[in-house]
């Protein structure tokens with residue numbers, strides 16, 4: 237190549253440039269370098285990963301399943317012995333095995349009144365007044381509820397799907413320490429079902445009451461380990477042979493592969509001073525999903541929503557629903573809206589009782605990821621309720637298969653299921669400075685996000701400066717996005733997979749750009765752009781043409797050239813623009 241010609245080839249995150257000029261090379265370098273950073277954010281503007289099933293097209297309101305584990309209590313006053321009861325069916329003394337929801341929305345550990353008292357022949361912990369140190373008023377979905385706070389009891393938990401594990405050996409349970417428990421004073425909503433009444437009195441005098449205690453293992457236990465949820469058994473709920481798998485992973489224990497990292501923040505909802513006349517149960521801070529955006533007909537509202545694995549549904553507050561246009565602005569309260577509302581509703585129950593709330597469809601709910609993409613749920617059935625001053629609740633229906641019950645056709649609607657969204661979820665709150673939720677999404681398979689996950693560990697993906705799509709992890713001047721699109725190694729400084737040059741043809745000299753790319757990438761668009769001044773760039777396909785293409789195994793090398801020749805005094809620049817596409 238003649239000495240007075242210069243090839244300026246550089247990669248700067250989003251763009252790779254090749255420029256050719258005859259005069260004043262120094263001027264050209266000063267023009268190119270300041271422009272590189274200006275284009276760094278262009279490829280990922282609006283890069284959405286839609287996780288709603290494309291065939292079903294929406295996300296229903298109520299989760300098909302929620303995480304549960306078995307737990308036992310041990311008594312420090314009895315030498316750490318497991319709490320037992322006399323089982324009249326077996327005429328034997330047996331451990332009290334507690335089936336509990338693993339609830340990131342619970343600040344503490346809650347015990348059902350059924351277990352505390354032994355009502356309806358439930359395995360009894362036989363708590364007495366001497367086992368309580370005071371009272372505390374909890375805030376729940378329908379208001380407040382006063383309960384008792386126990387003296388310290390040890391809590392041990394068994395990982396695994398509750399309908400498959402052999403839960404009968406207390407020695408297999410892992411101890412998590414001693415805690416002051418919050419114990420309900422009355423039977424909770426939905427804990428006792430009258431099957432005779434449900435069947436319209438068809439059982440006559442033989443009406444049957446079924447007791448199903450609701451216990452909660454909350455953040456004091458969850459904060460100690462990574463909570464791993466295996467959704468694969470219920471991805472197809474109608475053929476599921478078990479529920480989702482729930483595991484508390486020991487330090488160093490391998491976790492499932494994931495591609496996406498959602499930032500969380502921990503918030504203490506109890507404070508440091510108990511209300512007058514009350515005592516605190518043991519508690520720990522709860523995780524909130526940060527930067528969640530709700531988009532409705534009136535606009536977009538962004539905030540932090542409680543990540544609540546104990547909630548089968550997701551909720552927006554009345555204020556948030558109004559601002560984004562789900563509820564008309566003329567309503568002053570949710571009660572006012574419900575007085576005239578004739579659409580779908582849901583009865584929700586929990587601490588504080590039960591409540592009837594509206595089910596409204598939100599067009600878009602989105603959450604940013606540390607990898608640089610935005611997770612998008614489309615057409616979500618969302619409940620509207622004001623709960624403990626929260627902006628919203630990120631519930632399990634956004635993670636697993638879900639249904640929206642139709643009171644007019646309750647049985648039929650149970651089989652109208654929105655498909656599973658994620659195969660695995662790992663909620664890691666062990667590091668208070670870096671709490672995250674990692675997700676394994678089928679929608680990310682075969683994309684740049686999956687490639688990122690294969691090249692960076694979960695620990696490395698905590699640092700967006702290293703693992704985000706627009707980051708240059710190895711300092712070679714090429715972003716991870718370009719490394720993916722051009723098939724190079726994000727962990728090594730290697731040769732540029734693209735070069736600029738000249739092609740001498742019978743009609744004259746043409747500016748050319750050659751690059752190598754992997755074969756088969758479906759989420760990347762390549763475009764060669766042309767400029768005469770490094771200010772205005774054109775993607776007019778009539779200005780460039782494919783000059784050469786060759787395959788070598790899993791890669792393809794292509795050369796594009798300008799259709800117009802380069803004059804002796806002219807300037808011409810080519811750049812390769814790489815963009816992620818849905």
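Residue numbers (the working numbering): 237 to 818.
Note that CB positions come from ideal geometry on N, CA and C, so glycine has one too.
As the structure is a computational prediction, the values presented were derived from the model and not from experiment.
Item                                                                                                                            : Value
Beta strand (DSSP E) segment containing residue 782, residue limits                                                             : 780-788
Best match in 508, 667, 395, 615 for proximity to residue 523 [C-alpha to C-alpha]                                              : 667
Contacting residues, own chain, Cβ-Cβ under 6 Å from residue 518 (five flanking each side not counted)                          : 344, 415, 416, 456
Residue span of the alpha helix (DSSP H) that contains residue 573, given as start and end                                      : 570-576
Cβ separation of residue 680 and residue 285, assumed to be a contact under 8 Å, to the nearest whole Å                         : 6 Å
Start and end residues, beta strand (DSSP E) containing residue 592                                                             : 589-604
For residue 383, the three-state DSSP class (helix, strand or coil)                                                             : strand
When 377, 321, 808 are compared against residue 341, the one with the closest alpha-carbon                                      : 377
Status (buried if at least 16 other CB within 10 Å, exposed otherwise) for residue 424                                          : buried
Selected residue, minimal CA-CA separation from residue 472, among 509, 654, 389, 670                                           : 654
Cut-off 6 Å between Cβ atoms - residues of its own chain near residue 352, not counting five sequence neighbours on either side : 361, 363, 419
Beta-carbon gap between residue 620 and residue 554 smaller than 8 Å                                                            : yes
Own chain residues within Cβ distance below 6 Å of residue 664, not counting five before or after                               : 462, 672
Host alpha helix (DSSP H) of residue 554 (start-end)                                                                            : 554-559
Alpha helix (DSSP H) runs wholly inside the stretch 694-720, at least 4 long, in chain order                                    : 700-703
Proximity winner among 338, 407, 481, relative to residue 458 (alpha-carbon distances)                                          : 338
Residue 606, buried or exposed, once every other Cβ within 10 Å from all chains shown has been counted against 16               : buried
Proximal residues to residue 719 (C-beta, below 6 Å), its chain only, five neighbours per side dropped                          : 726
Test item: CB-CB of residue 590 and residue 297 under 8 Å                                                                       : no
Outcome for residue 645 when other beta-carbon atoms lying within 10 angstroms are tallied against a minimum of 16              : exposed
Assigned exposure category for residue 602 - 16 Cβ within 10 Å defines buried                                                   : buried
Spatially closest choice to residue 184 from 622, 484, 558, 501, by CA coordinates                                              : No answer is possible for residue 184: it lies beyond the span of the chain, which begins at 237 and ends at 818.
Whole-angstrom C-beta distance between residue 586 and residue 481, which should lie under 8 Å                                  : Actually they do not touch by this definition, with Cβ atoms about 24 Å apart.
Rounded C-alpha distance that separates residue 702 from residue 670                                                            : 15 Å
Which listed residue (682, 710, 751) has its alpha carbon closest to that of residue 758                                        : 682
Sequence-distant residues of its chain with Cβ nearer than 7 Å to residue 479 (five each side left out)                         : 301, 397, 398, 399, 469, 470
Limits of the beta strand (DSSP E) - the one that residue 537 falls within                                                      : 535-543
Nearest-angstrom beta carbon gap, residue 384 and residue 421 [assumed within contact, 8 Å]                                     : 6 Å
Cβ distance (whole Å) where residue 820 is taken to contact residue 465 below 8 Å                                               : Residue 820 lies beyond the residue range present for the chain, which begins at 237 and ends at 818; the question has no answer from this structure.
Where residue 633 falls: helix, strand or coil (DSSP)                                                                           : helix
Exposure label - residue 802; buried when at least 16 CB within 10 Å                                                            : buried
Environment of residue 592 [buried if 16+ CB atoms lie within 10 Å]                                                             : exposed
CA nearest to the CA of residue 779, picked from 814, 379, 746                                                                  : 746
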